[in-house]
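Under the working numbering, the first residue of the sequence shown carries the number 4, and numbering increases by one thereafter.
C-beta atoms are modelled at their ideal positions from N, C-alpha and C, and glycine is treated no differently.
Quick caveat, the model's predicted, so the values are computed rather than measured.
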Amino acid sequence: MSHGQIPGSTSVPAGTIVLGPTEIQRALTRIAHEIVERNKGTRDVVLLGIPTRGVPLAHRLVERLAVIAATDPANAGPLAPAGELDVTMYRDDLRDHPTRTIGRTQLPAGGIDGKVVVLVDDVLYSGRTIRAALDAISDLGRPRAVQLAALVDRGHRELPIRPDFVGKNLPTSHAERVRVRLAELDGEDAVVIQGAPEPAGRTTEDAR
4 MSHGQIPGST SVPAGTIVLG PTEIQRALTR IAHEIVERNK GTRDVVLLGI PTRGVPLAHR
64 LVERLAVIAA TDPANAGPLA PAGELDVTMY RDDLRDHPTR TIGRTQLPAG GIDGKVVVLV
124 DDVLYSGRTI RAALDAISDL GRPRAVQLAA LVDRGHRELP IRPDFVGKNL PTSHAERVRV
184 RLAELDGEDA VVIQGAPEPA GRTTEDAR
């Protein structure tokens, strides 16, 4: 790991860089292969990115799934489409943040009924965003299964939610912040930890 900015970069915020462009690319390629292996191909697989950065990650995974299908005849078949799933109105903190901007939900043409839906997010933390996503999906259709892919799992779950596919498990303290930057939105790829770890002996209750 390195500190500060990626060499040649002028916009990555100061902090500890845990994933650079090459590592992010490798993590997504591995996740794509795991999706194919888990589902025995891509037939009936639909990827739904959770805004904001889950959406470009979902599209990148679709590109990698297409490459796998093209190079592996055993996994050839219909390409997995990508869409986006806004969960704003399903969050359990709306009363605390009533002015949240509502995004858009865009499902693939075939919908999600009977499909294997892979939710894609950048960072998995408390699990509350994914709970909201599951509620949103239940109003949109009845998929055969729902799976979860996260680029980073930083722990501290508050709900019994576990990802099926993870780019990197990243133990963090509550005081730290994990920033994911993607070329599509931020001009470059990086995962950065900001903030100081909790002092030794400090409890979770102290951090809240």
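Nearest to L82 by C-alpha distance, out of V123, R157, D75, L68, is L68. Straight across, the Cα-Cα distance linking G144 with P54 is about 19 Å. Per DSSP, G52 is not a residue of any alpha helix (DSSP H); the beta strand (DSSP E) it occupies stretches across 48 to 52. For G86, DSSP records a beta bridge to L51.
For A193, the enclosing beta strand (DSSP E) starts and ends at 193 to 197. Taking a 10 Å sphere around the C-beta of L188, we find fewer than 16 other C-beta atoms and assign the residue as exposed. Shown here for L110: same chain residues with a beta carbon closer than 6 Å to its own, the five before and five after excluded, namely G86 in chain order.
Excluding the 5 residues flanking it on each side, V169 has same chain C-beta neighbours closer than 6 Å at A153, D156, in chain order. By the neighbour-count definition (other C-beta atoms within 10 Å, threshold 16), L51 is a buried residue. Annotated three-state conformation of L68 is helix, per DSSP.
Straight through space, the alpha carbons of V149 and G130 are spaced by roughly 15 Å. Close CB contacts of H159 within its chain, under the 8 Å cut and outside five residues either way in sequence, are with Y128, S129, T175, H177 (chain order).
Counting along the chain, D124 sits inside the beta strand (DSSP E) bounded by residues 119 to 127. In this structure, R134 is the residue among R107, R134, P146 with its C-alpha nearest to the C-alpha of D96. Cα atoms of D75 and I27: separation of roughly 23 Å, rounded to the nearest angstrom. In the three-state reduction of the DSSP assignment, L185 falls in the coil class, being assigned neither a helical nor a strand state. Residue range 19 to 22 is occupied by the beta strand (DSSP E) that includes I20.
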